[in-house]
Each structure stands twice: as C-alpha cells, then as structure tokens.
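Here the sequence shown stands for residues 1 to 524, where the numbers follow our numbering.
C-beta: ideal position from N, C-alpha, C; glycine also.
Here the structure is a predicted model, which means the values were calculated and not measured.
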Amino acid sequence: MAQRTTSRREFIRRAAAGAAAATLAGALPAFSGGAGDGARPNIIVIMADDLGYGDLGCFGATLIPTPNIDRLAAGGVTFTDAHSPASLCTPTRYAVLTGRYCWRSPLKKGVTQGYDPLLIDPSRLTIAGALRQAGYRTACIGKWHLGLGERKPVDYSGPLTPGPRELGFDYFFGIPASLDMPPYCFVENDRVVGELSVPKRPRNTLQREGPMTPGWRDEEVGPTFVRKAERFIDDNARNRPGRPFFIYLPYQAPHTPCTPPGFIEGRSGAGVRGDMVVELDWAVGRITEALRRNGLERDTLVIVTSDNGALTSGISSWAGDPPEKYDLVHNGHKPNGELRGQKADIWDGGHREPLIASWPAGIEGGRKSGRLFCLTDLMATCAAAAGVDLPDNAGEDSFNQLPAITGAGQSGARRESVVHHSGAGMFSLRRDNWKLVLGRGSGGFSAPQLVTPGQGEPRGQLYDMAADRAEQANLWNERPEVVQNLLALLEDIVRRGRSTPGPDQPNEGEVDIWAGARQVVEVP
C-alpha cells in the first residue's frame with residue numbers, strides 16, 4: 001500500500017509540473033496502469049446548465065441546500081475567479097471539448113438549434129479523443145447542444161453521424177440540444193431511442209413546439225442521465241478494473257423549463273429554479289456515491305462547474321406563472337451573487353462560474369484559489385492529469401491548471417488573460433484587474449443590450465475589477481493607455497489563432513472583434 005501511495009504522489013507531482021512523458025503517437029503513455037493502480041485518475045467533468053456564481057452553498061447561497069457539492073469543495077479546491085469562455089450554452093460546450101474559443105469556429109454568436117449539424121470538425125482532437133488515445137474509456141452523458149450529423153435539418157430517423165462518437169466518446173447518451181428545444185428525445189450513441197411520433201405542445205413559452213418520443217417527461221431527463229452515469233461507472237469497475245475512464249456529464253439543470261422531479265420539488269427556498277439546483281446537487285451526490293461504493297472515489301478527479309451564468313429576469317412572464325415561482329427577487333436568492341448581469345451578458349454575471357475540483361489522492365482539501373481559470377483549460381488540465389501531451393493544433397486556448405488544482409509548483413505557461421464572448425458576439429478581455437469590453441451595453445439579455453455612443457462618449461467599457469467588481473465605473477476615457485494595451489493583446493490573440501504558446505493556427509472565417517458592438521441577441 002505504501003508503494004502505491006508513493007507512485008501516485010510522484011505521478012501527480014510530475015503531471016502537475018508538465019513533465020508528462022506521454023504523446024499522442026498512438027501508443028499508451030508511460031503511465032499505463034490506470035486509476036486502479038493509483039497512477040492516472042479517473043476524470044469526471046460535471047457541467048451544470050445556467051448555474052450562477054451565487055447558486056451554491058459553498059459560494060454563499062443560503063436558500064438552496066447543496067450539501068454534496070459543498071462536501072466536494074470542503075475536500076478539494078474552490079476557484080473564485082473561474083470563467084466560461086462564453087455566456088451561452090453552445091459556445092462554452094465547444095470550448096470545453098476542444099480547448100479552443102468558439103469564436104474561432106464558424107459560430108460567431110448565439111447557439112445551435114436542435115436540427116443544426118455538428119459544429120465541431122470531426123478531424124479536430126477533443127478532450128475525449130486525447131484521453132481515449134491515452135487508454136481511457138470515454139463517455140458523454142447529458143445535454144449535447146453542439147449539433148449532429150452533416151446537414152440541416154438533421155434527419156433523426158437515421159444514424160446521427162458525425163456526432164459524439166466521431167469526436168472521441170466511446171459511449172454517448174443524451175439529448176440533442178436544450179430541454180426547451182425540439183426534438184424532445186434521448187439519443188444513444190448515434191440513434192434516437194424510440195420514435196419521434198408525438199407532438200409536444202408546451203403549456204408555456206419556456207419550451208418550443210416540436211416532436212417528442214412517446215412517454216417523454218421533462219422531469220425524468222436528469223434522473224435518467226444519473227442512472228446512465230452510475231451504470232457506466234459500475235460497469236467499468238466490474239468489467240474493466242484498472243482501466244481509467246473519463247465522463248463528461250453536461251447536466252440539464254437548472255436551465256428552463258425548470259421541471260424538477262417530484263422527490264426534489266419544494267426542497268429549496270428559491271422556487272422551482274432553486275429546486276433544479278437541488279436536483280443538480282442530488283445528481284452530484286449520486287455520482288460520488290457510485291465512485292465510493294466501487295472504491296474509486298480516492299482516485300477520481302471530479303470537477304463541477306457551469307456553462308454560463310444564471311438567467312435571472314423575465315422567466316415568470318414568459319412562462320405565464322406567478323412571479324414567486326421563478327423570479328428570484330421574490331425569493332431573496334441571488335443566483336449570480338453580487339455580480340452584474342446574467343446569462344448571455346458580457347458582464348461577469350454572464351460568465352464567472354463556480355468551479356470545484358475534488359481528487360482525494362491528489363488534492364489537499366479545503367483550499368480556495370484566486371487563480372484565473374477558463375473552462376477552455378479543462379482540456380489541457382485533464383490531459384496533464386492523464387499524462388498526455390497535446391499537439392500544436394489542439395487546445396489552442398487551453399492552459400494546464402493542474403498545478404493550481406493540486407497545489408504543486410507552477411511550471412510552464414500560466415494563464416494571464418481570458419477572452420469573454422457574449423450572446424450577441426461582444427468581446428471582452430480580462431488581464432490582471434482590468435476588464436476591457438468592446439461595445440456598450442450587456443451584449444446579451446440584460447437591458448440595455450446595446451448602446452450607441454454619442455460624440456465624445458466611450459466606445460466601449462473598461463473596469464477595474466479589483467476596485468469595481470460590480471462593473472459600474474467605466475474608465476474607458478480615463479485610462480486610454482490601458483485600453484490600447486488590452487486592445488493590442490486581444491488583436492494578437494485573435495490573429496495568432498491561439499492564446500497559448502506555440503505556432504500560429506488558423507481561425508475558421510473572419511473574426512470581427514467589434515461585431516458585438518453593432519448587433520443584439522434574441523431574448524428567449
């Protein structure tokens with residue numbers, strides 16, 4: 001037992017320092033024993049949908065009980081300056097899987113719809129592809145929302161290829177897009193489960209009309225994901241002992257239509273949306289219990305975060321329900337904490353996220369980190385934990401954050417800045433305490449969405465985030481030298497096709513960093 005512990009600690013130190021010996025040349029990395037021998041961890045990334053910075057107990061929430069996530073935080077590390085690269089679903093999901101900002105792809109604003117083709121080029125290496133080449137068994141279970149197939153509209157009666165399987169996942173079970181978008185069905189690997197033969201006629205505008213499979217129930221979607229993930233863990237432990245696995249679990253809660261299962265409803269003090277956060281916490285608890293009963297908890301890196309900030313305005317009016325059911329001002333809960341803005345916005349409420357990492361074998365628990373973290377970094381971080389080196393044309397915007405997670409000394413490139421992107425395609429750059437926004441207004445759902453500056457007025461926004469976390473004092477005109485320096489850095493990040501060290505890489509299509517200052521995103 002002592003020998004195993006020494007091996008594990010040595011591997012963690014070497015991986016965190018960037019000294020992993022593996023490559024993607026086709027053979028397994030040098031550390032090939034798998035999580036069962038204490039070397040490489042299993043990895044589970046649980047990404048909530050529209051979870052805000054203030055939704056969890058470990059981030060200050062008082063009306064929503066989240067004991068399971070809080071327990072992970074107490075035993076792991078909590079990041080207080082973590083961000084999604086975009087403030088909407090699809091672009092963040094693209095960035096998590098590819099380690100690349102989505103505005104480098106053909107999608108320059110907004111999200112994909114349920115009948116759109118696959119956004120990610122199948123030839124591009126993803127986090128799943130890298131780990132599978134390194135010997136991991138890989139699964140995606142949850143909300144996909146990255147398109148399927150090659151053509152629009154997608155034909156759901158046949159094979160849905162290319163899709164998750166072509167991007168490195170051995171197994172896929174999930175929903176095609178968002179739970180408010182048709183078609184309403186489960187997809188397993190590359191086929192619809194059942195037949196899309198029944199029309200769904202939602203009772204309110206929180207969902208769009210479209211086909212569904214017989215017996216479809218919104219409140220059963222999350223629990224179904226959990227059961228599938230539990231079975232994957234159990235099966236791997238029983239039939240593939242010692243082989244490490246990677247699960248990407250993009251959970252559907254607390255996104256609208258806010259339909260918690262009956263055993264969850266009423267368990268928060270923040271309406272049905274708060275209940276959906278409780279459902280997320282329940283799901284995390286079930287996953288960690290599956291690890292525990294299989295003896296895998298110690299050797300599994302679990303990361304919990306969200307794709308963007310919480311949607312906080314107008315839900316009840318869209319749904320036609322009493323305000324206290326959804327609108328959080330009536331419930332006293334602030335899902336984005338004291339941050340300005342919400343989902344889709346360029347302000348921090350749109351993209352500053354909770355991020356908790358737990359790995360009992362590799363993390364000294366109870367730590368908080370103020371290290372700047374972007375969800376694009378998950379690809380390089382997971383690769384480092386697995387002992388994998390990424391090629392130059394993969395993970396162009398992904399920095400290895402394993403040293404920050406484990407508390408090991410930093411070696412190699414460290415993230416010094418992050419680019420944000422709003423629903424309307426408005427750009428922002430954070431470096432140190434300065435935040436530059438190319439445009440006026442939220443660039444998202446909050447009013448004003450867009451402001452046309454008058455003569456002599458600032459063209460954009462500049463905030464000192466150390467002194468003005470609520471983004472109230474625009475210093476654009478007062479600090480022109482800061483504006484110019486940050487603008488030059490952003491232009492260089494765009495031009496080079498990467499923000500990490502390495503040779504320049506191509507973007508897909510022209511990237512106009514001022515486009516978001518001229519356009520708005522449709523409010524749902």
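Check	Outcome
Among 58, 65, 63, nearest to residue 73 - alpha-carbon criterion	58
Candidates 500, 192, 433, of which the one nearest residue 470 by Cα	433
DSSP state of residue 374 mapped onto helix, strand, coil	strand
Closest Cα partner of residue 106 within the set 370, 114, 91	91
Contact test: residue 72 Cβ vs the ligand NAP heavy atom, cutoff 8 Å	The ligand NAP is not part of this structure, which contains no ligands at all.
Alpha-carbon to alpha-carbon, residue 290 and residue 230	6 Å
Backbone CA spacing between residue 202 and residue 325 [nearest angstrom]	17 Å
Cβ-based neighbour list, residue 377, same chain, cut-off 8 Å, excluding 5 preceding and 5 following	99, 398, 399, 400, 401, 415
Cβ contact check for the segment 164-179 and the segment 125-143: 3 or more pairs under 8 Å	yes
Meets three-Cβ-pair contact criterion under 8 Å: the segment 339-350 and the segment 424-441	yes
Limits of the alpha helix (DSSP H) - the one that residue 289 falls within	271-293
CB of residue 111 within 9 Å of CB of residue 160, strictly	no
Supposed contact pair residue 248 and residue 413 - C-beta distance, whole angstroms, cut 8 Å	24 Å between Cβ atoms; not a contact.
Euclidean distance between Cα positions of residue 293 and residue 150	41 Å
Simplified DSSP state of residue 145, which is helix, strand or coil	coil
Residue burial classification, residue 424 (beta-carbon count within 10 angstroms, cutoff 16)	buried
Candidates 442, 77, 206, 494: closest to residue 373 by CA position	77
With 16 other Cβ atoms within 10 Å as the buried cut-off, status of residue 430	buried
Backbone secondary structure at residue 303 - three-state DSSP	strand
Cβ neighbours of residue 54 in the same chain (closer than 7 Å, five flanking residues each side left out)	60, 61, 334, 335, 336, 337
Residue 270 vs residue 41 beta-carbon contact at 9 Å	no
Minimum length 4: unbroken alpha helix (DSSP H) runs contained in the segment 104-181	127-133
Residue 195 and residue 182 closer than 9 Å at C-beta	no
Best match in 473, 309, 120, 510 for proximity to residue 354 [C-alpha to C-alpha]	309
Reference residue 154; option with closest CA among 113, 49, 212	113
Every unbroken alpha helix (DSSP H) inside the segment 49-109 [4 residues or more]	67-75, 89-98
Same chain, Cβ closer than 7 Å to residue 312, five either side skipped, listed in chain order	328, 335, 336, 342
CA-to-CA distance, residue 477 to residue 448, given in whole angstroms	20 Å
Supposed contact pair residue 257 and residue 180 - C-beta distance, whole angstroms, cut 8 Å	6 Å
Cβ neighbours of residue 152 in the same chain (closer than 8 Å, five flanking residues each side left out)	115, 116, 117
Reference residue 517, options 210, 472, 442, closest by Cα	442
Residue 488 classed as buried or exposed, judged by whether at least 16 other C-beta atoms fall within 10 angstroms	exposed
Residue from 520, 359, 339 with nearest C-alpha to residue 468	339
CB contact flag (residue 521, residue 85, <9 Å)	no
Contact check, residue 217 vs residue 146, beta carbons under 9 Å	no
Beta-carbon proximity of residue 474 to residue 455, cut-off 9 Å	no
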